Amino acid sequence: MQHETAEGYYLGIDPGRDKTGLALVDKAGTVFAVQIVRTRAFSDSVLKFLYDHLQVSNTWGLRKNLMAITIGNGTGSEEHINCLKKILPGFPLHVVDEKYSTEEARTLYWELFPPKGWRRLIPLGLQTPPEPLDGYAAVVQVRRFLQQEETDTGRKPVIKSK
Numbered sequence: 001m002q003h004e005t006a007e008g009y010y011l012g013i014d015p016g017r018d019k020t021g022l023a024l025v026d027k028a029g030t031v032f033a034v035q036i037v038r039t040r041a042f043s044d045s046v047l048k049f050l051y052d053h054l055q056v057s058n059t060w061g062l063r064k065n066l067m068a069i070t071i072g073n074g075t076g077s078e079e080h081i082n083c084l085k086k087i088l089p090g091f092p093l094h095v096v097d098e099k100y101s102t103e104e105a106r107t108l109y110w111e112l113f114p115p116k117g118w119r120r121l122i123p124l125g126l127q128t129p130p131e132p133l134d135g136y137a138a139v140v141q142v143r144r145f146l147q148q149e150e151t152d153t154g155r156k157p158v159i160k161s162k
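Each residue of the sequence shown is one higher than the one before, counting from 1 in the UniProt record's numbering.
Written out as structure tokens, the structure is:
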């Protein structure tokens, strides 16, 4: 079932050398989909992720649902950006500071999936999430962009690290 929203979705990308996190997040910051893909297959994987979750069959169909792309400024981001400009031309692309995004992703993971049973008794700081956090770090990229956009005075910012 497709998640409906009047505003559309934001694609978050947490680039990495071996794996890349992808996330679809709506304007309210609600997580719609999270996935981790191999970086070497990034271009095909990101399109498949978008087509499958937004239920469209080509990039023209994405124009109705995809509002913008946010990408962290970490490892391999330049290669990812160049690839995105080729496979998704014309979509707004915003670079976001990735600093501490993994820590935020860990917190987000435990908010979305709190421990159950006896694991509730163990402090979260001593637990390791059972899956990689790259997809949740991509959610963090989108949420950072949305927070900045909200505080901005009408223009869409490109956030860069110092």
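All C-beta atoms, glycine included, are put in the ideal place defined by N, C-alpha and C.
Just so it is clear, the structure is predicted and the values come from calculations on it, not from any experiment.
| task | Could you tell me the boundaries of the beta strand (DSSP E) in which Asp-152 lies? | result | Where Asp-152 is concerned, there is no enclosing beta strand (DSSP E), given that its DSSP letter is neither H nor E.
| message | With the cut-off set at 7 Å, would you say Leu-66 and Tyr-9 are in Cβ contact? | response | yes
| query | Grouping DSSP H, G and I as helix and E and B as strand, with all else coil, what is Thr-70? | reply | strand
| request: Can you say whether Asp-18 is buried or exposed, counting buried as having 16 or more other CB atoms within 10 angstroms of its CB? | output: exposed
| Outcome for Leu-71 when other beta-carbon atoms lying within 10 angstroms are tallied against a minimum of 16 | The displayed chain sequence assigns Ile, not Leu, to residue 71. Result: buried.
| query | CA-CA distance, Pro-89 and Arg-119? | reply | 46 Å
| request: Kindly indicate which three-state DSSP category Leu-88 falls into: helix, strand or coil? | output: coil
| Nearest-angstrom Cα distance between Asp-14 and Leu-121? | 31 Å
| request: Report buried or exposed for Glu-79, applying the criterion of at least 16 other Cβ atoms within 10 angstroms of its Cβ. | output: exposed
| Whole beta strand (DSSP E) runs in the segment 36-60 with 3 or more residues, listed along the chain? | none
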